[in-house]
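Enquirer: Okay, here's the structure, questions in a sec.
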Amino acid sequence: MDFRNRIARRLETRRRRGGFTLIELMVVIVILGVLAGLIVPQFMDEPQKARVVKAKMQIEAISTALKKFYIDNGFYPSTEQGLNALVRKPSVGRTPKNYSPSGYLPKVPNDPWGSPYVYICPGKHAPFDLISYGADGASGGSGNDADVNSWQID
Numbered sequence: 622m623d624f625r626n627r628i629a630r631r632l633e634t635r636r637r638r639g640g641f642t643l644i645e646l647m648v649v650i651v652i653l654g655v656l657a658g659l660i661v662p663q664f665m666d667e668p669q670k671a672r673v674v675k676a677k678m679q680i681e682a683i684s685t686a687l688k689k690f691y692i693d694n695g696f697y698p699s700t701e702q703g704l705n706a707l708v709r710k711p712s713v714g715r716t717p718k719n720y721s722p723s724g725y726l727p728k729v730p731n732d733p734w735g736s737p738y739v740y741i742c743p744g745k746h747a748p749f750d751l752i753s754y755g756a757d758g759a760s761g762g763s764g765n766d767a768d769v770n771s772w773q774i775d
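If you read the sequence shown in my numbering, its first letter stands for residue 622, the second for the next number, and so on.
Here it is in structure tokens:
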């Protein structure tokens with residue numbers, strides 16, 4: 622009976638301490654590591670997706686301004702005049718006769734990666750082509766480096 626009492630007292634003492642064993646801690650750390658390995662990569666790609674969405678929205682806004690320019694003047698700004706023709710009346714090339722006094726954009730934005738948009742008129746795919754070269758700033762690429770083009774926007 623004394624032996625049973627000693628074992629019961631030891632078990633009761635362990636319960637009162639409330640600590641974790643090394644194995645319990647290691648199991649928890651492994652579980653947290655596995656969860657982090659599965660979840661973190663999904664969130665790491667979110668800023669890149671947001672940049673692509675922002676580039677698409679900016680391209681749509683610039684395209685709308687270009688279309689307003691066309692409606693007012695009967696032609697799109699030339700590649701030489703560039704997108705600045707949407708901010709200030711161009712003094713080079715064909716001069717617009719019905720240019721909006723306030724312009725068509727307050728300023729020409731850079732793409733979300735900090736590079737200027739490429740404007741080509743006449744375009745290969747439409748009356749004009751607007752291109753952001755993505756994270757690498759070079760034509761082509763895939764993944765984070767993929768181009769965002771005006772003719773491929775959904």
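Note that the Cβ used here is the ideal one computed from N, Cα and C, for glycine as well.
Got a sec? Which residues, its chain only, sit under 6 Å from Tyr-725 by beta carbon, not counting five neighbours each side?
Expert: Only Ala-686, Lys-689, Phe-690, Leu-707 meet the Cβ criterion.
Enquirer: Is the Cβ-Cβ distance between Ser-753 and Gln-702 less than 9 Å?
Expert: No, these two residues do not count as a Cβ contact at 9 Å.
Enquirer: Output the distance between the C-alpha atoms of Pro-748 and Gly-761, rounded to the nearest integer angstrom.
Expert: Computed Cα separation, rounded: 21 Å.
Enquirer: Who pairs with Leu-751 in a beta bridge, going by DSSP?
Expert: Answer is Tyr-740, bridged to Leu-751.
Enquirer: Look at the alpha carbon of Asp-768 and the alpha carbon of Leu-659, and state the distance between them as a whole number of angstroms.
Expert: The straight-line gap from Cα to Cα measures roughly 28 Å.
Enquirer: From Gly-764 to Pro-717, what does the alpha carbon distance come to, in whole angstroms?
Expert: Cα-Cα distance, rounded: 40 Å.
Enquirer: Can you check DSSP and say which residues form a bridge with Val-769?
Expert: In DSSP, Val-769 forms a bridge with Ser-753.
Enquirer: Indicate the three-state DSSP secondary structure (helix, strand or coil) for Arg-731 in the structure shown.
Expert: Correcting the residue identity first, residue 731 is Asn in this sequence and not Arg. Note: Asn-731 maps to strand in three-state DSSP.
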